[in-house]
Amino acid sequence: MHISRIGLTGGIGSGKSTVAQLWRDRGARVIDLDAHSRAVLDLPGPGVEEAIARFGEQYRAEDGTVARTELARLVFADPAARADLEAIVLGRVEEAVRREEEQMVCEGADLLVHDSPLLLEKAQDRTGRYAEVVVVLARREDRIERIARNRGRDRAYAESVMSAQVTDLERIRRASRILLNTGDQELLARRAGRLLESLR
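If you count the sequence shown from 1, position 9 lands on 9 in full-length UniProt numbering, and the numbers rise without skipping.
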């Protein structure tokens, strides 16, 4: 059976995760790479211990996992630290994604969506892995407001993360499909639904 993979990505606050959920609601099989990434640091185990060994005990939370807020503050300000953290996390994520894909294929899925925030930053669009790369775009100020409302984070945090990600111009250049999140939720749902049908 031929399997088509769709890469879904977008900058922080763009609405990418909302689109992923809208697609799940319409029956798409979506793999959340960010959730797999979080699990490496949020569950006690080898990933946590490797991160603590690299960054120091001051980044260990009271529950024995990684203090994510403090570590995020470090890695978004230090490209070398960010590269080290990604090296710790990404291999484990790849293995988790492989296992989830196998399960979905066994259940009959032939279209798999990778909800991947770092798809372009990690040049996954250049591997031949994806039949299509869908980028969700939103206005910068809308994104900053959404980050404040949904995550309780300030403008400085939002801009530090944005500066570590590729630009919207680069996203437009490398996308095969663009989904604009420039209206209300109802409009986004309609656009996301039409796009999913065309991908199928």
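The C-beta atom is built at its ideal place from N, Cα and C for all residues, glycine as well.
Small disclaimer: the values here were computed from a predicted structure and weren't measured.
Terminal residues of the beta strand (DSSP E) in which residue i lies
i, result
"E107", "Counting along the chain, E107 falls outside any beta strand (DSSP E), and DSSP gives it neither H nor E."
"V136", "132 to 137"
"S4", "4 to 10"
Anticipated Cβ contact below 8 Å, residue i with residue j, distance rounded
i, j, result
"C117", "T9", "It should be pointed out that residue 117 corresponds to Pro in this sequence rather than to Cys. Indeed they touch by this definition, with Cβ atoms about 6 Å apart."
"R174", "V133", "7 Å"
"L112", "E101", "6 Å"
"V161", "F76", "6 Å"
"I88", "E50", "5 Å"
"L169", "L195", "Between L195 and L169 the Cβ distance is about 21 Å, and since that is not below 8 Å, they are no contact."
"T65", "V48", "5 Å"
"I144", "A158", "5 Å"
"L74", "F55", "7 Å"
"G152", "R26", "Not quite, the Cβ-Cβ distance comes to about 30 Å (not below 8 Å), so this is no contact."
"R140", "T182", "Contact doesn't hold; Cβ gap of about 12 Å is too wide."
"A131", "S14", "The Cβ separation is near 21 Å, so there is no contact."
Bounding residues of the alpha helix (DSSP H) (the contiguous stretch that carries residue i)
i, result
"A77", "Note, A77: premise wrong, no alpha helix (DSSP H); not H, not E."
"D142", "140 to 151"
Opposing strand residues paired with residue i [DSSP bridges]
i, result
"V113", "I6, V30"
3 or more residues per run - each beta strand (DSSP E) lying fully within the segment 157 to 187:
177 to 180
Completely contained alpha helix (DSSP H) runs for the segment 16 to 69, where each covers 4 or more residues:
16 to 25, 33 to 42, 46 to 55
Is the segment 115 to 130 close to the segment 8 to 28, with three or more CB pairs under 8 Å?
yes
Does the count of Cβ pairs from the segment 103 to 114 and the segment 143 to 157 closer than 8 Å reach three?
no
Can at least three beta-carbon pairs, one atom from the segment 85 to 94 and one from the segment 25 to 44, be found at a separation below 8 Å?
yes
Looking at C-beta atoms only, is the number of pairs between the segment 55 to 69 and the segment 15 to 22 that lie closer than 8 Å three or more?
no
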